[in-house]
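Here our numbering is used: position 73 in the sequence shown is 465, and no number is missing along the way.
Yeah, the Cβ is synthetic: ideal placement off N, Cα and C, and Gly gets one too.
A short write-up of the structure that comes next.
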Amino acid sequence: MINAMNGDRSASGLGQLCGNAALNGYAQSWANWMAQNQSLTHQDLGAVLAGTAFNNVAENILTGPGGMSSGQMEAAWMASPGHRQNILNGVYTAAGVGIAYSSDGQVWVAVEFGG
Numbered sequence: 393m394i395n396a397m398n399g400d401r402s403a404s405g406l407g408q409l410c411g412n413a414a415l416n417g418y419a420q421s422w423a424n425w426m427a428q429n430q431s432l433t434h435q436d437l438g439a440v441l442a443g444t445a446f447n448n449v450a451e452n453i454l455t456g457p458g459g460m461s462s463g464q465m466e467a468a469w470m471a472s473p474g475h476r477q478n479i480l481n482g483v484y485t486a487a488g489v490g491i492a493y494s495s496d497g498q499v500w501v502a503v504e505f506g507g
């Protein structure tokens, strides 16, 4: 997922995102929560900000069919102005990705950005 985002960032002349363990933890916990509750909802980003060393955070979330590829996820986000803005925001230097599956086979994804 980070590689897919970095492809779009490079095409726009932006630096690469690096993976971050703290952001991964928040992203995975949130993806698990969304899958368990089958609810596409943003988490409290104030808590993410307070729990990391970053000055700025943002979040992209999505749900889709279980076989959805990272390229398809990235294309969906890039087609959405708000999600695209997060991916292409030069303030963000790190990201964490969480992926979970609900009992009906749907994929639930959370990406946390930090900068």
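Original post:
At which residue ranges does the segment 426-463 contain complete alpha helix (DSSP H) runs of 4 or more residues, listed in the order of the chain?
Top reply: 437-442
**OP:** Look at the Cβ atom of Ala502, then the Cβ atom of Ala423, and state whether they are nearer than 8 Å.
**Re:** For the purposes of this step, residue 502 is identified with residue 110 of the sequence shown, where counting begins at 1. For the purposes of this step, residue 423 is identified with residue 31 of the sequence shown, where counting begins at 1. Cβ atoms of Ala502 and Ala423: closer than 8 Å.
**OP:** Tell me whether Val483 is buried or exposed, calling it buried when 16 or more other Cβ atoms sit within 10 Å of its Cβ.
**Re:** Locating residue 483 in the sequence shown gives position 91, where the first residue counts as 1. So Val483 counts as exposed.
**OP:** For Thr455, I'd like the list of residues in its chain whose CB is within less than 6 Å of its CB, leaving aside the five on either flank, ordered along the chain.
**Re:** What you label residue 455 is simply residue 63 of the sequence shown in a count that begins at 1. Here the set comprises Leu432, Gln498 and Trp500.
Original post:
Helix, strand or coil for Gly486 per DSSP?
Top reply: What you label residue 486 is simply residue 94 of the sequence shown in a count that begins at 1. According to the sequence as given, residue 486 is Ala; it is not Gly. Here Ala486 sits in strand by DSSP.
**OP:** Rounded to whole angstroms, what's the CA-CA distance from Asp436 to Gln430? Just pull it up for me.
**Re:** Taking the sequence shown and counting its residues from 1, one reaches residue 436 at position 44. Taking the sequence shown and counting its residues from 1, one reaches residue 430 at position 38. If I take the Cα positions, the gap works out to 17 Å.
**OP:** Go ahead and label His475 buried or exposed: buried means 16 or more other beta carbons lie within 10 angstroms of its beta carbon, across all protein chains shown.
**Re:** As a position in the sequence shown, residue 475 is number 83, starting the count at 1. Taking all protein chains shown into account, His475 has 16 or more neighbouring C-beta atoms within 10 Å of its C-beta and is therefore buried.
Original post:
How would you label Asn412, buried or exposed, when you count the other beta carbons within 10 angstroms and need 16 or more for buried?
Top reply: As a first step, residue 412 is located in the sequence shown; it is residue number 20 there, counting from the start. So Asn412 ends up on the buried side.
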